[in-house]
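Chains as they are written, first to last, in the numbering used here: chain A, 1 to 211; chain B, 1 to 414.
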Amino acid sequence: MNNSLEYLPDKLREDCIRGDAGGQKKLYYQFYGFAMGICLRYARDRDEANDILNEGFFKVLTNLGRYDQQKPFLPWLARIMTNTAIDHYRSQVRHPAMDDIAEMDIHGENPVIDSKLNYDDLIRLVQALPPGYRAVFNLYAIDGYSHEEIGVKLGISAGTSKSNLFKARQKLVAMIDAQKKITERVVRPIQNNDNGQYGSQLYRHFIQAGT
Amino acid sequence: MDNTDHNYTDTLFKQGLSSPPELNPTDKNWEDMERLLATKAKVRSMAWIYAVSGVAAAILIFLFLWFVPEKTDTATQQAQKAKHTETDPGAGTARSPKADITGPSGSDPIPYGNLSDSDIKLRAAAQKEIAKPGIRSEHNQAADAAHVQAGLQVVGNRSGLGSINPVSYSNLRTSLSGNFASQREVKIADLPGATAKTAAVEKEEPASRTPVPLRRWGVSLAFSPDVNSVKNMHNGNLGTSMGMGVSYRVGKSLSVGTGVYYSQKLYSADKKSYHVTEKPFATWTSYSKKIDADCRVLDIPVNFSMRISNKTSNKLYASAGMSSYIMLSEKYEFVYNVSAAYPTGRREYSIRNENKHILNIVNLAIALEKPLSDQVSLTIQPYAKLPLTGIGKGQTDLKSVGLGFGLNYSMKKK
C-alpha cells in the first residue's frame with residue numbers, strides 16, 4: 001500500500017474506524033490543510049470554512065468504513081468536503097437570487113487581469129462573491145463540474161448555472177479592476193515620495209505587507 | 001465532471017488556488033472537532049433511545065387498548081355478569097348451578113338468578129353444616145341431607161318447579177357425603193347471582209368479595225424525553241428528564257403529587273430571545289449571532305390530578321400544577337462572526353447554582369394509566385411546561401413539551 005498522502009495508511013484507517021481519539025486527531029492534522037484549501041473557496045470567511053471543514057471531517061471519520069482503500073484517499077476526501085460545502089450553502093441560502101441565462105446580456109470575455117495576484121488575493125476575491133455565484137464558480141471553474149451536474153447539485157437549471165458563472169466572472173474581473181485602481185492610487189504617491197495623507201510609517205508597512 | 005470551456009479568468013483562479021499556503025490547524029480547531037464528534041455521537045445515541053421509546057410507547061398503548069382483558073374480580077362485575085347470564089342462559093360458559101350440585105345426572109335446573117335472599121340463606125346454611133370438618137355420623141349426614149332437601153324444596157316451590165327429583169336428591173346426597181366441602185367452594189363461588197347475596201352471611205368467603213380499600217399513597221419512577229425551545233417548537237432541541245415522585249389521593253378521583261426530576265435542557269436561540277442587562281453576559285449577547293444553551297435543572301413540581309375516565313383497564317387523568325426550577329448549571333456558548341477579537345467565533349459562559357424559579361412554571365398534562373396489578377401500574381403522559389417568568393441567566397421563555405413514561409406503586413392501606 002502506498003503510504004503517501006494520496007493513500008490512507010491501514011493502521012490510521014483502522015484506528016479511526018475503531019473511534020480511537022489519537023488516530024482521529026492524527027488524520028485531522030494530516031489532512032487539515034488540504035481540506036481547508038477546498039473549504040476556504042466555498043466559504044465567505046475562515047470561520048465558516050472551519051465550520052464546513054469540521055462537518056466534513058465528521059462525515060469522514062464516521063464513514064471511513066465505506067472508503068475503498070484501493071483508491072486514492074484525497075479525491076474521496078475532496079468530494080466529501082465539496083459536498084459538505086454545497087450542503088452548507090443550500091442550508092444557508094434557501095432562495096438565492098439567480099437569473100436564467102436567457103435573461104442575460106452576454107458581453108465579451110477575456111479581460112486583462114493582473115496575473116501577479118497571489119493565493120490570498122484570489123481567495124479573498126472568491127470569498128467576496130455572493131454565495132450562489134461563488135458556489136457555481138467553484139464547481140465549474142475550479143472543480144470542473146459541468147453545468148448539468150451543477151444544476152443537479154444546487155437544485156437549479158443548467159441555464160441558471162451558466163448565468164451565475166457569467167456573473168461571477170464579471171464580478172471577479174470588476175473586483176480585480178477596482179483593486180488595481182486602489183493600488184495605483186495608493187502606491188503612486190508613495191513611489192513619488194508624496195507622503196501626503198498616506199505618508200505614515202504604519203501605512204507603508206501595511207502596503208508592503210501586501211495587505 | 002469535466003467541462004471543456006477554457007476561460008482566462010477560470011484558468012487564473014484555478015492555477016492560483018491550486019497551491020494554497022501551509023494551513024495548519026490550531027488546538028482550538030481540534031477541540032471544536034472533538035466537541036462536534038462527542039455531541040453528534042450523543043445525539044445519535046439519544047435519537048436511537050427516542051425512537052425505541054416512541055415505538056415502545058406505541059406498542060404499549062396498543063396492547064393496553066386491545067389485548068389486555070378487563071379484571072373480573074369485583075363484586076359489581078360479578079353481579080353484572082350474573083345479569084348477563086340470566087338474560088341469556090345459553091351464552092358463554094356459565095354452568096347451571098343445579099347441575100353442579102346434583103352431579104352429572106342432574107335434570108332439574110333451577111334458575112339461581114331468581115333465588116331470593118331467604119333461599120340463598122337456606123342453601124348457605126345447609127352447605128355450611130355439611131362443610132363442617134371432622135368425621136360425620138350417619139345421623140348428621142341424614143340430618144344434613146334433610147336440611148338441604150328442605151331448603152331445595154322451598155327453592156323449587158318458590159321458583160315454581162315443584163319438589164326436587166328424588167334421583168337428583170340421592171345424587172346430591174352422595175355428592176355431599178363425598179368431597180362436597182371442596183366442591184362447595186368452587187361451585188358456590190361460581191354461582192353468578194348467589195355470590196353477591198351470600199357474601200353477607202358467609203364469614204369465610206374470600207377477601208375479594210370485600211370492597212377494594214382506597215390506597216392513598218403512591219410512589220413513581222419517571223423518564224421522559226422532551227423538546228425544549230425558547231421561541232417555537234420548530235427549533236426545539238431534545239432533552240431528557242428523569243426522577244421520582246410521590247402522590248396522595250385526597251378524594252375518590254383527585255390526587256396531589258410532587259417529586260424531584262433531573263432535567264437536561266438544550267436549546268438554541270438568537271440574541272433577541274435573551275433579556276439580560278448584566279455584564280458581561282449582556283455585552284456578549286449583543287455581539288452574538290446565536291447562543292447555544294445547555295442547562296441542568298432540578299424540576300420540583302406540585303400537581304393536582306383529576307381522574308376523568310374510570311375504565312377498569314385504563315384510567316385517564318388530567319393534571320395541572322406548578323413547577324419550581326433549581327438551575328444546577330447553565331452553560332451558554334455565544335457564536336460570533338469571526339473577527340480579530342474572536343478568531344474562533346465562539347465564547348463560553350458557565351455558571352452553577354445561581355438561579356432558582358420557585359413555582360414559576362405551569363405544568364399541564366394528560367396521563368393514561370394502565371394497572372398491571374392491584375398496586376403496580378404504568379403511565380404514559382404527554383405534558384407541557386410553560387414558564388411564567390424568564391428562565392436561567394438569559395431570562396428566556398423556555399418551554400418544554402414531552403412524553404413521560406412512569407412506573408407507579410400504590411402502597412397498601414394498613
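Ideal Cβ placement from N, Cα and C applies to all residues, glycine included. The structure displayed is predicted, hence computed values, not measured ones.
By Cβ distance below 8 Å, which residues in the same chain neighbour residue i in space, the five residues on each side in sequence not counted?
i              : result
residue 275(B) : 390, 394, 395 and 396
residue 259(B) : 220, 222, 243, 244, 245, 246, 300 and 301
residue 40(A)  : 46, 49, 123 and 127
residue 178(A) : none
residue 52(A)  : 39, 42, 43, 81, 84, 85 and 88
residue 13(A)  : 64, 67 and 69
residue 382(B) : 365, 366, 401, 402, 403 and 404
Could you check how far apart the C-beta atoms of residue i and residue j are, in whole angstroms? I think they sit under 8 Å.
i              : j              : result
residue 224(B) : residue 402(B) : 5 Å
residue 16(B)  : residue 122(A) : 4 Å
residue 398(B) : residue 392(B) : 7 Å
residue 415(B) : residue 57(A)  : Nothing can be reported for residue 415(B), as the shown portion of chain B is limited to 1 through 414.
residue 263(B) : residue 229(B) : Between residue 229(B) and residue 263(B) the Cβ distance is about 14 Å, and since that is not below 8 Å, they are no contact.
residue 129(A) : residue 168(A) : 6 Å
residue 416(B) : residue 287(B) : Only positions 1 to 414 of chain B appear in this structure, which leaves residue 416(B) out of reach.
residue 328(B) : residue 298(B) : 6 Å
Residues in its own chain within less than 7 Å of residue i by CB, not counting five upstream and five downstream?
i              : result
residue 150(A) : 136, 139, 140 and 161
residue 65(A)  : 17
residue 164(A) : 98, 132, 133 and 136
residue 277(B) : none
residue 250(B) : 256
residue 231(B) : 269 and 273
residue 28(A)  : 57
residue 407(B) : 220, 221 and 378
Using a Cβ-Cβ cut-off of 6 Å (strictly less than) and excluding sequence neighbours within five positions of residue i, which residues of its own chain qualify?
i              : result
residue 384(B) : 364 and 401
residue 283(B) : none
residue 369(B) : 315, 377 and 379
residue 9(B)   : none
residue 59(A)  : 80
residue 412(B) : none
residue 239(B) : 226, 228, 264, 265 and 266
From the DSSP output, read off the bridge partner residues of residue i.
i              : result
residue 293(B) : 267(B) and 332(B)
residue 73(A)  : Paired residue(s): none; residue 73(A) is not in a bridge.
residue 352(B) : 329(B)
residue 87(A)  : According to DSSP, which records beta bridges pairwise, residue 87(A) is partnered with nothing at all.
residue 399(B) : 229(B)
residue 242(B) : 223(B) and 262(B)
residue 217(B) : 248(B)
residue 299(B) : 261(B) and 325(B)
So the candidates are the options; which of them puts its Cα closest to the Cα of residue i?
i              : options                           : result
residue 313(B) : 325(B), 377(B) and 392(B)         : 377(B)
residue 217(B) : 9(B), 23(B), 19(B) and 410(B)     : 410(B)
residue 315(B) : 322(B), 349(B), 323(B) and 306(B) : 306(B)
residue 366(B) : 359(B), 256(B), 329(B) and 319(B) : 319(B)
residue 35(B)  : 84(A), 21(A) and 178(A)           : 21(A)
residue 11(A)  : 51(A), 175(A), 79(A) and 69(A)    : 69(A)
residue 18(B)  : 78(A), 51(A), 168(A) and 86(A)    : 78(A)
residue 118(A) : 261(B), 41(B) and 12(B)           : 12(B)
residue 89(A)  : 44(A), 158(A), 62(A) and 67(A)    : 44(A)
residue 351(B) : 322(B), 295(B) and 387(B)         : 295(B)
residue 357(B) : 388(B), 309(B), 348(B) and 238(B) : 388(B)
residue 304(B) : 362(B), 10(B), 20(B) and 280(B)   : 362(B)
residue 310(B) : 270(B), 254(B), 22(B) and 330(B)  : 254(B)
residue 61(A)  : 120(A), 15(A), 146(A) and 180(A)  : 15(A)
residue 237(B) : 347(B), 292(B) and 406(B)         : 292(B)
residue 170(A) : 37(A), 125(A), 147(A) and 184(A)  : 125(A)
residue 144(A) : 322(B), 39(B), 7(B) and 23(B)     : 7(B)
residue 37(A)  : 184(A), 71(A), 26(A) and 142(A)   : 142(A)
Determine the burial state of residue i: buried for a count of at least 16 other Cβ atoms within 10 Å of its Cβ, exposed for fewer.
i              : result
residue 248(B) : exposed
residue 199(A) : Confidence in residue 199(A) is poor, its pLDDT being 46 and thus under 50, which makes the residue's placement too unreliable to answer from.
residue 155(A) : exposed
residue 84(A)  : buried
residue 25(B)  : buried
residue 97(B)  : For residue 97(B), the predicted structure reports a pLDDT of 38, less than 50, and the residue's modelled location is therefore unreliable. The matter cannot be settled from this model.
residue 152(A) : exposed
residue 174(A) : exposed
residue 265(B) : buried
residue 63(A)  : exposed
residue 8(A)   : buried
residue 375(B) : exposed
residue 24(A)  : buried
residue 19(A)  : exposed
residue 372(B) : exposed
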